[in-house]
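What follows is a single structure, written as structure tokens, with notes after it.
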Amino acid sequence: MKDALLVDLFWQRDETAVETTQKHYRAYLHKVAYQILGDELDCEEIVNDVYVALWNSIPPHRPENLRAYAAKITRRLAIKRYEQKTAQKRVASEYAVSLEELREVGGDVAAPEEHPEELGRCISAFLRERTPKERRIFLRRYYYADPVEQIAKGEGVSASAVYKTLGTLREALRTYLIKEGYSL
């Protein structure tokens, strides 16, 4: 079923929208949550919370790409859960490792408290200047928190090539952010 039809079901408040979304996107959403949390039970809870969030947010929102919209909700909920868990104890995950890598760019610029939308637009502009392959590598590592080995396999390159690309991208992002007026 196409996303537009699924969104229409949500707008009509048809409960089959949730069932169909679960059938089509459950595995994908679970993967997004797992890359951040690394815990099966937490992931199951997050994915179930995503269905509730979709039900509550459509309407008024009418996403064109339901998969991306659901992934964005999943990511936000998983990061919130991750932050709750790490406030209690140290939890190792790909998200933690990738966040530490990104902190090299400029300390807490990776998780800004003030004007996150502005920083997001700036990073998006930076990524538009990169090659499609560089954008994919950057997003897979720092948005989806994919392991380097998985990125390398998906891109058909070695893990060391991915590490080198990520290092180059982090340094280029740092330079770009300074040029845009961020003090790092």
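Per our numbering, the sequence shown starts with residue 1021, numbered consecutively. Note that beta-carbon positions come from the ideal geometry of N, C-alpha and C, so glycine has one too.
Contact the stretch 1094-1102 vs the stretch 1148-1159: 3+ CB pairs below 8 Å: no
Nearest CA to the CA of R1123: which residue from Q1104, T1040 and E1191? E1191
Applying the 10 Å Cβ sphere with the 16-neighbour rule, what's the burial state of S1118? buried
Considering only the alpha carbon of each residue, which of Y1162, E1175, Y1102 and L1086 lies closest to V1038? L1086
Report the three-state DSSP secondary structure of S1178 (helix, strand or coil). coil
Under 8 Å between the Cβ atoms of R1148 and L1186? no
Between W1075, L1197 and Y1048, which has its C-alpha nearest A1145's C-alpha? L1197
Out of V1072, G1058, W1031 and D1059, which one is the CA nearest neighbour of R1042? Correcting the residue type first, residue 1042 is Gln in the shown sequence and not Arg. Minimum Cα distance to Q1042 is reached at V1072.
Got a sec, what are the start and stop residues for the alpha helix (DSSP H) E1039 sits in? T1036 to L1057
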